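Q:
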Amino acid sequence: MKIAARYSFNGGAEAVNEKYPHLLAEVEAAIAEIDASRHRIKKSKEKTKKHKGKLLYSPVSLNKAFKATLFPLHWKAIRESCEYSTEHYAEGYTIRTSSKGAFREMDFVKEKLGVEVQFGKYSFMVYNVCAKMTIFRNCGHIDTGIEIVPVKAFSAEMSRGVSYFEQFVWDLDARGIANIDVPVLILGIDND
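Sequential numbering from 72 applies to the sequence shown in our numbering.
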């Protein structure tokens, strides 16, 4: 695969290049190493004429490829356990389920750089950058992030509903930067 686009959110490109150029090089090499054609394995069950019966890129398979490429380089998935408060329930409300075992997970962390790979809906992309990375920074795991997402052309060859770089950047530009935001470099990737 290749990097087709870059976007610096809250000074993300500058922060990554200043603090973690060696880790950015590992991420860029991992992207280049993954042969997207090997992950065009998902047979479309969609009823639209555009995808009906075609082989699409599998987000699950692509995510596994990133793990197979980055984990041997000592990148680690980090989990943060969630203990949900019960103090906000109405008086007399009976809790029917437990939050035991709940967690948030970041795909890859090395040193203090967090990396998320997202081939899902746009809400997950925004959540990663505007909530999850802040949570993981507040927990002491990261201070800077990289978000890897498909560009529109690549997304169009996946299942319906997979968001893309261009939409994500528009959302972030329209939202603006808050004082709690982590610097994040967003990489838009495409097949070769």
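Ideal Cβ positions, reconstructed from N, Cα and C, are used throughout, including at glycine.
Remember, it's a predicted structure, so these values are computed and weren't measured experimentally.
Using 10 angstroms around the beta-carbon of residue 169, count the other beta-carbons present and answer buried if the total reaches 16, otherwise exposed.
A: Position 98 of the sequence shown, counted from the first residue, corresponds to residue 169. By the neighbour-count rule (16 or more Cβ atoms within 10 Å), residue 169 is not buried but exposed.
Q: Between the C-alpha atoms of residue 102 and residue 139, what's the straight-line distance to the nearest angstrom?
A: For the purposes of this step, residue 102 is taken as residue 31 along the sequence shown, with counting starting at 1. For the purposes of this step, residue 139 is taken as residue 68 along the sequence shown, with counting starting at 1. C-alpha separation (whole angstroms): 12 Å.
Q: Taking 8 Å as the limit between beta carbons, can you name the residues of its chain near residue 166, skipping five residues before and five after?
A: Walking along the sequence shown from the start, residue 166 turns up at place 95. So the qualifying residues of the chain are 157 and 160.
Q: Please give me, in chain order, every unbroken run of the alpha helix (DSSP H) with length at least 4 that falls completely inside the stretch 83-121.
A: Complete alpha helix (DSSP H) runs here, min 4: 83-90 and 92-104.
Q: Looking at the unbroken beta strand (DSSP E) that takes in residue 204, where does it start and where does it end?
A: Your numbering for residue 204 matches position 133 in the sequence shown. From DSSP, residue 204 is part of no beta strand (DSSP E) but of the alpha helix (DSSP H) over 204-209.
Q: Could you tell me the distance, in whole angstroms, from the CA atom of residue 126 to the CA atom of residue 241?
A: In the sequence shown, counting from the first residue as 1, residue 126 sits at position 55. In the sequence shown, counting from the first residue as 1, residue 241 sits at position 170. The straight-line gap from Cα to Cα measures roughly 29 Å.
Q: In the DSSP assignment, what residue or residues form a beta bridge with residue 126?
A: Here residue 126 refers to the residue found at position 55 of the sequence shown. 114, per the DSSP bridge assignment.
Q: Could you tell me which residues DSSP pairs with residue 213 in its beta bridges?
A: Position 142 of the sequence shown, counted from the start, is the residue given in the question as residue 213. Per DSSP, none; premise fails for residue 213.
Q: I'd like the list of long-range same chain contacts for residue 147, defined as Cβ closer than 8 Å, with 5 residues on each side in sequence excluded.
A: Indexing the sequence shown from 1 puts residue 147 at position 76. Once the five neighbours on either side are set aside, the close Cβ partners of residue 147 are 179, 180 and 181.
Q: Excluding the 5 residues flanking residue 82 on each side, which residues of the same chain have their C-beta closer than 7 Å to its C-beta?
A: Within the sequence shown, residue 82 is the residue found at index 11, counting from 1. Cβ within range, chain order: 254.
Q: Quick one, which of 77, 189 and 251 has its alpha-carbon nearest residue 40's?
A: An answer regarding residue 40 cannot be provided, because it is not within the stretch 72 to 263 covered by the chain.
Q: Residues in its own chain within less than 6 Å of residue 128 by CB, not counting five upstream and five downstream?
A: The residue labelled residue 128 in the question sits at position 57 within the sequence shown. Within the same chain, residue 128 has close Cβ partners 110, 111, 228 and 229.
Q: Could you check what DSSP says for residue 222 in three-state terms: helix, strand or coil?
A: In the sequence shown, counting from the first residue as 1, residue 222 sits at position 151. Looking at residue 222 - three-state DSSP - the assignment turns out to be coil, as it is neither helix nor strand.
Q: Quick check: the Cα distance between residue 172 and residue 207, rounded to an integer number of angstroms?
A: Taking the first residue of the sequence shown as position 1, residue 172 is located at position 101. Taking the first residue of the sequence shown as position 1, residue 207 is located at position 136. Using only the alpha carbons, I get a separation of about 18 Å.
Q: Assuming residue 153 and residue 174 form a contact by the criterion Cβ under 8 Å, report the distance between their Cβ atoms to the nearest whole angstrom.
A: Here residue 153 corresponds to residue number 82 of the sequence shown, with the count starting at 1. Here residue 174 corresponds to residue number 103 of the sequence shown, with the count starting at 1. The Cβ separation is near 6 Å, so the contact holds.
Q: Nearest CA to the CA of residue 76: which residue from 218, 108, 251 and 246?
A: The residue given as residue 76 occupies position 5 in the sequence shown. Closest option to residue 76, Cα to Cα, is 218.
Q: Since residue 239 is in the alpha helix (DSSP H), which residue starts that stretch and which ends it?
A: As a position in the sequence shown, residue 239 is number 168, starting the count at 1. Unbroken alpha helix (DSSP H) run through residue 239: 236-246.
Q: Cutting at 7 Å between CB atoms, please list the residues of its own chain near residue 79, excluding the five before and the five after it.
A: The residue you call residue 79 lines up with position 8 of the sequence shown. Same-chain partners within the cutoff: 85 and 256.
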